Amino acid sequence: MDSVFHDLYEKYHQEIYQFIFYMTKNRETAEDLVQEVYIRVMKAYERFEGKSSAKTWIYSIARNVTIDYFRKQKGWKDKIFSNFDWDRQLIIDTQPIPEEVAIMNDDIQDIYRCLNRCTTNQRSVIILRYISGISITETAEVLNWSESKVKTTQHRALKAIKKMMEDLSGKEGHRIEKIPLERKRN
Amino acid sequence: MRKSRWKENEIEDMLRELPKVKDDRSKAEVFARIHDKKRKKHWLPLIAGVASLFLMVVLASSIITGKEGTTSQEDSSKSGKLSISESKEMSESKQQGANINENTSEDKQGNQEFLSKQAESESKDEVSQIEPFKKDKEKTFAHAIYQDDLKNESTITIGVPDDHMKVIVPISIKLNHFDRTETLNQLVNQMSDIDEEQYGLSDYFPLDIKISQGNDMTTAHIEFQEDSQLLDDDALFLHSMEETFSYNNIERMTFATDGKQGAMFLHAGFLKEQAVPQQKNRTYLLYQRDEYSPRLLVPSNRDYQDFEEALQAGKGEQDIEGIAPAIPEDMNWDNINSEGGLVTIQLSEHAAIENNEESLQALEAILFIAKDFGFKKVKFENAPIEKVGHLNLTDDIVVPKAPNQVN
Numbered sequence: 018m019d020s021v022f023h024d025l026y027e028k029y030h031q032e033i034y035q036f037i038f039y040m041t042k043n044r045e046t047a048e049d050l051v052q053e054v055y056i057r058v059m060k061a062y063e064r065f066e067g068k069s070s071a072k073t074w075i076y077s078i079a080r081n082v083t084i085d086y087f088r089k090q091k092g093w094k095d096k097i098f099s100n101f102d103w104d105r106q107l108i109i110d111t112q113p114i115p116e117e118v119a120i121m122n123d124d125i126q127d128i129y130r131c132l133n134r135c136t137t138n139q140r141s142v143i144i145l146r147y148i149s150g151i152s153i154t155e156t157a158e159v160l161n162w163s164e165s166k167v168k169t170t171q172h173r174a175l176k177a178i179k180k181m182m183e184d185l186s187g188k189e190g191h192r193i194e195k196i197p198l199e200r201k202r203n
Numbered sequence: 127m128r129k130s131r132w133k134e135n136e137i138e139d140m141l142r143e144l145p146k147v148k149d150d151r152s153k154a155e156v157f158a159r160i161h162d163k164k165r166k167k168h169w170l171p172l173i174a175g176v177a178s179l180f181l182m183v184v185l186a187s188s189i190i191t192g193k194e195g196t197t198s199q200e201d202s203s204k205s206g207k208l209s210i211s212e213s214k215e216m217s218e219s220k221q222q223g224a225n226i227n228e229n230t231s232e233d234k235q236g237n238q239e240f241l242s243k244q245a246e247s248e249s250k251d252e253v254s255q256i257e258p259f260k261k262d263k264e265k266t267f268a269h270a271i272y273q274d275d276l277k278n279e280s281t282i283t284i285g286v287p288d289d290h291m292k293v294i295v296p297i298s299i300k301l302n303h304f305d306r307t308e309t310l311n312q313l314v315n316q317m318s319d320i321d322e323e324q325y326g327l328s329d330y331f332p333l334d335i336k337i338s339q340g341n342d343m344t345t346a347h348i349e350f351q352e353d354s355q356l357l358d359d360d361a362l363f364l365h366s367m368e369e370t371f372s373y374n375n376i377e378r379m380t381f382a383t384d385g386k387q388g389a390m391f392l393h394a395g396f397l398k399e400q401a402v403p404q405q406k407n408r409t410y411l412l413y414q415r416d417e418y419s420p421r422l423l424v425p426s427n428r429d430y431q432d433f434e435e436a437l438q439a440g441k442g443e444q445d446i447e448g449i450a451p452a453i454p455e456d457m458n459w460d461n462i463n464s465e466g467g468l469v470t471i472q473l474s475e476h477a478a479i480e481n482n483e484e485s486l487q488a489l490e491a492i493l494f495i496a497k498d499f500g501f502k503k504v505k506f507e508n509a510p511i512e513k514v515g516h517l518n519l520t521d522d523i524v525v526p527k528a529p530n531q532v533n
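Chains A and B supply the protein sequences, listed in that same order. Here our numbering is used: position 163 in the first sequence is 180, and no number is missing along the way. Here our numbering is used: position 197 in the second sequence is 323, and no number is missing along the way.
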């Protein structure tokens, strides 16, 4: 088992962590979830049939772990905040911006914020295609979709982000500037 | 000052520029955390049990003896904010409970996990309460629309890709007025309004194209932008448009790109126009994404040599997720004859036909298969009952106008 872990860590750890981080936008959550990915992968490793590549298989587990996390979050948040008419988006928007993004120019920071406003499917495709840099075929394998669905979802996501970027420039004066900056832990 | 207009490729470039984000922990640290996590999982049920017992004791004693407990309950019914602080207190006391009962060497992570497990079981409870309600509420069956049903009304049908984009499912909307010159405008409006996902289909419309009337009433003119993604994903697009137009009295599509005649499709090549076949000799099957989505009739992707072969194929299993046979195995026929626009299906002695939704949808599938082979009417002979839903099996039945009415 240890050798499986070491192998996985060397090959995929940082990219899986990065995928989960961009999905959840929270370092602690990404750390927890990436551990869950290892546990699931190690449990199922012997059953891995090799129908898809190991990389897309691990990405698909990472995505499932993340979706499960969102479902749990939604469940208890809905329960606690059920009396409030709060836009759930607001809660997500106040996640700190990581240092890596905060040092980039304003447009890149806006793009980072816009990712939140895409649907979970759109965000998955955008992260896989542009941040992880995997192909349409591999993305289709990860999501268990047809390539057409990947292309269409990607196109829709780009359109949605484009519109949000344009909306943001219109509302420039009203933007919430004081989004906390994450302090990197030592 | 930020830009107010962006190009799609600029957005793509900026997405690629998003920085790499790294996990700062060492390999040994991650490995140790995984071990901890696996070990703690065994303790969780026990900890949870002890903690809930502790909570019950604390809560019961405060309700019986303390005045504060009562006040807090009253307040929480008046104000949502208080109920949050109460929840926080509850969480804290849960945390304390866990702390007391846990082995002192357990670190903070154990508590977090414990709380998230609690949240998980709470959310599961919630889901189990909601789902039966949702199931009752959903409409699971979509009827066909018949010309006789339409008085001053018209219909618009749109071919929408299924959830996996492997088949095109026609969805029909009844409109309260009739004006044939308006067909294409109505079509464009409905493409903007349709919420495909509620029917278990892909979010495909609206599309980045302009649709207008071509040289005559039966021609639709489609205009693309040069960088349109639809030109690359042309098989799905053309399939969807053919399905859509075939129900809306359009026989031909003409194409233009950025004002110039014709369009360069990645797979179909350069096309100035394309015919819209009205009959494709297909069978019909059932599509249903999941138990919360409606059951919809869907034409097959392939065609068949003759009507009987297509009917038989309507009983066949397909290797596509969500697709099932539309005609039950035990709905049999002995003979099929056709004369002009009428096809007669002589049913077997014990053909399983009942007055229920399954039989109605199977018969409607047969009517649409007949329509796809150019027949205008279908006669069922030897039917065990006279009526199935609104279909009168003792008469010739005129084939329906469009499948899957969703409004």
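Here a beta-carbon is modelled for each residue, glycine too, at the ideal position from N, C-alpha and C. Just so you know, these numbers come straight off a predicted model, no measurement behind them.
Report the rounded CA-to-CA distance for residue 139 of chain B versus residue 443 of chain B, giving the unit in angstroms.
Working through the second sequence from its first residue, we reach residue 139 of chain B at position 13. Working through the second sequence from its first residue, we reach residue 443 of chain B at position 317. Each residue's alpha carbon lies about 45 Å from the other.
Per-residue DSSP class, three states only, for residue 23 of chain A
As a first step, residue 23 of chain A must be located in the first sequence, where it is residue number 6. Residue 23 of chain A: helix per DSSP, three-state reduction.
To be precise: take each residue of the segment 124-137 of chain A, compare its Cβ to all Cβ atoms of chain B, and keep it if any distance is under 7 Å. Which residues remain?
Cβ contacts with chain B come from 124, 125, 128, 129.
Chain-ordered chain B contacts of residue 34 of chain A [CB-CB under 8 Å]
Along the first sequence, read from residue 1 onward, the residue named residue 34 of chain A stands at position 17. Simply 147, 148, 149.
Residue 156 of chain B vs residue 172 of chain A beta-carbon contact at 9 Å
In the second sequence, the residue the question calls residue 156 of chain B occupies position 30. In the first sequence, the residue the question calls residue 172 of chain A occupies position 155. Contact flag unset, no.
For residue 115 of chain A, go through chain B and note every residue whose CB falls closer than 7 Å to its CB, in chain order.
Mapped onto the first sequence, residue 115 of chain A falls at position 98. The contacting residues are 147.
Straight-line CA distance for residue 143 of chain B to residue 393 of chain B?
Stepping through the second sequence from its first residue, residue 143 of chain B is reached at position 17. Stepping through the second sequence from its first residue, residue 393 of chain B is reached at position 267. About 31 Å.
Partner residues on chain B for residue 179 of chain A, Cβ-Cβ distance less than 7 Å
The residue labelled residue 179 of chain A in the question sits at position 162 within the first sequence. Contacts between residue 179 of chain A and chain B, judged by CB atoms closer than 7 Å, involve 132, 134, 137 in chain order.
Hey, is residue 329 of chain B's beta-carbon within less than 9 Å of any beta-carbon in chain A?
Here residue 329 of chain B refers to the residue found at position 203 when the second sequence is read from its first residue. Chain A contact via Cβ: present.
On a CA-only basis, which of A/135, A/169, A/157, A/162 is nearest residue 182 of chain A? Give me that one, please.
By one-based count along the first sequence, residue 182 of chain A stands at place 165. If we check each option's Cα against that of residue 182 of chain A, A/135 comes out closest.
How would you list, in chain order, the residues of chain B whose beta-carbon sits under 7 Å from the beta-carbon of residue 183 of chain A?
Within the first sequence, numbered from 1, the residue matching residue 183 of chain A stands at position 166. What residue 183 of chain A touches in chain B: 130, 131, 132.
Evaluate the contact criterion for the segment 458-473 of chain B versus the segment 397-412 of chain B: three or more CB pairs, one atom per stretch, below 8 Å.
No contact exists between the segment 458-473 of chain B and the segment 397-412 of chain B.
Cβ shell of residue 82 of chain A (< 8 Å), same chain only, five flanking positions each side left out:
The residue given as residue 82 of chain A occupies position 65 in the first sequence. These residues qualify, in order along the chain: 37, 50, 53, 54, 57.
Compare the C-beta of residue 186 of chain A against all C-beta atoms of chain B and say whether one is closer than 9 Å.
Locating residue 186 of chain A in the first sequence gives position 169, counting from the first residue. Cβ-Cβ to chain B under 9 Å: yes for residue 186 of chain A.
Cβ atoms of residue 298 of chain B and residue 373 of chain B: under 9 Å apart, would you say?
Reading the second sequence from its first residue, position 247 is the one you call residue 373 of chain B. Reading the second sequence from its first residue, position 172 is the one you call residue 298 of chain B. Yes, they are a contact pair.
Taking contact to mean 3 or more Cβ pairs, one atom from each stretch, closer than 8 Å, check whether the segment 318-327 of chain B and the segment 346-365 of chain B are in contact.
The segment 318-327 of chain B vs the segment 346-365 of chain B: no contact.
Residue 436 of chain B and residue 499 of chain B: beta carbons closer than 9 Å?
Numbered from 1 along the second sequence, position 310 holds the residue referred to as residue 436 of chain B. Numbered from 1 along the second sequence, position 373 holds the residue referred to as residue 499 of chain B. Closer than 9 Å, so yes.
Where residue 536 of chain B falls: helix, strand or coil (DSSP)
This structure cannot speak to residue 536 of chain B, because chain B is shown only from 127 to 533.
Quick one: using the 10 Å Cβ neighbour count with 16 as the cut-off for buried, is residue 182 of chain B buried or exposed?
One-based indexing of the second sequence puts residue 182 of chain B at position 56. Residue 182 of chain B is exposed by the Cβ-count criterion.
Residue range of the beta strand (DSSP E) that includes residue 469 of chain B:
By one-based count along the second sequence, residue 469 of chain B stands at place 343. Per DSSP, residue 469 of chain B belongs to the beta strand (DSSP E) from 468-473.
Please state whether DSSP places residue 521 of chain B in a helix, a strand or coil.
In the second sequence, the residue the question calls residue 521 of chain B occupies position 395. DSSP places residue 521 of chain B in coil when its eight states are reduced to three.
Give a yes or no on whether the C-beta atoms belonging to residue 491 of chain B and residue 411 of chain B are separated by under 9 Å.
Taking the first residue of the second sequence as 1, we reach residue 491 of chain B at position 365. Taking the first residue of the second sequence as 1, we reach residue 411 of chain B at position 285. Yes; because the gap between Cβ atoms is below 9 Å, this pair is in contact.
Between which two residues does the alpha helix (DSSP H) harbouring residue 337 of chain B extend?
Locating residue 337 of chain B in the second sequence gives position 211, where the first residue counts as 1. Careful: residue 337 of chain B lies outside any alpha helix (DSSP H), inside the beta strand (DSSP E) at 335-339.
Going by CA-CA distance only, name the one from A/177, A/117, A/186 that's closest to residue 35 of chain A.
Counted from its first residue, the first sequence places residue 35 of chain A at position 18. The closest CA to that of residue 35 of chain A, considering only A/177, A/117, A/186, is found on A/117.
Could you compute how far the alpha carbon of residue 155 of chain A sits from the alpha carbon of residue 148 of chain A?
In the first sequence, residue 155 of chain A corresponds to position 138, counting from 1. In the first sequence, residue 148 of chain A corresponds to position 131, counting from 1. Roughly 14 Å between the two C-alpha positions.
Listed by chain order, chain B residues near residue 51 of chain A by CB distance under 9 Å:
Here residue 51 of chain A refers to the residue found at position 34 when the first sequence is read from its first residue. Here the neighbours are 149, 156.
Per-residue contacts from residue 294 of chain B into chain A (C-beta, under 7 Å)
On the second sequence, position 168 is the one that residue 294 of chain B refers to. Near residue 294 of chain B there are no residues of chain A at all, since even the closest Cβ is about 11 Å away, more than 7 Å.
Please tell me whether residue 105 of chain A has its Cβ less than 9 Å away from any Cβ of chain B.
The residue you call residue 105 of chain A lines up with position 88 of the first sequence. Confidence at residue 105 of chain A is low in this model, with a pLDDT of 38, below 50, so the placement of that residue is unreliable and no value is reported for it.
Between the C-alpha atoms of residue 340 of chain B and residue 277 of chain B, what's the straight-line distance to the nearest angstrom?
Start at 1 with the first residue of the second sequence, and residue 340 of chain B comes out as number 214. Start at 1 with the first residue of the second sequence, and residue 277 of chain B comes out as number 151. In a straight line, the C-alpha of residue 340 of chain B is about 28 Å away from that of residue 277 of chain B.
For residue 137 of chain A versus residue 86 of chain A, is the C-beta distance shorter than 9 Å?
In the first sequence, the residue the question calls residue 137 of chain A occupies position 120. In the first sequence, the residue the question calls residue 86 of chain A occupies position 69. Contact: no.
Buried or exposed (CB count within 10 angstroms, at least 16 for buried), residue 133 of chain B:
Counting from one through the second sequence, the residue named residue 133 of chain B turns up at place 7. Residue 133 of chain B is classed as exposed because its beta carbon has fewer than 16 other beta carbons within 10 Å across all chains shown.
Residue 527 of chain B at chain A interface by Cβ criterion, 9 Å
Counted from its first residue, the second sequence places residue 527 of chain B at position 401. Not closer than 9 Å to any Cβ of chain A, the Cβ of residue 527 of chain B fails to qualify, so no.
Using a Cβ-Cβ distance under 9 Å, would residue 28 of chain A count as near chain B?
Reading the first sequence from its first residue, position 11 is the one you call residue 28 of chain A. Chain B, which has no Cβ nearer than 9 Å to the Cβ of residue 28 of chain A, makes this no.
Between residue 295 of chain B and residue 422 of chain B, is the Cβ-Cβ spacing less than 9 Å?
Here residue 295 of chain B refers to the residue found at position 169 when the second sequence is read from its first residue. Here residue 422 of chain B refers to the residue found at position 296 when the second sequence is read from its first residue. Yes, the Cβ-Cβ distance between residue 295 of chain B and residue 422 of chain B is below 9 Å.
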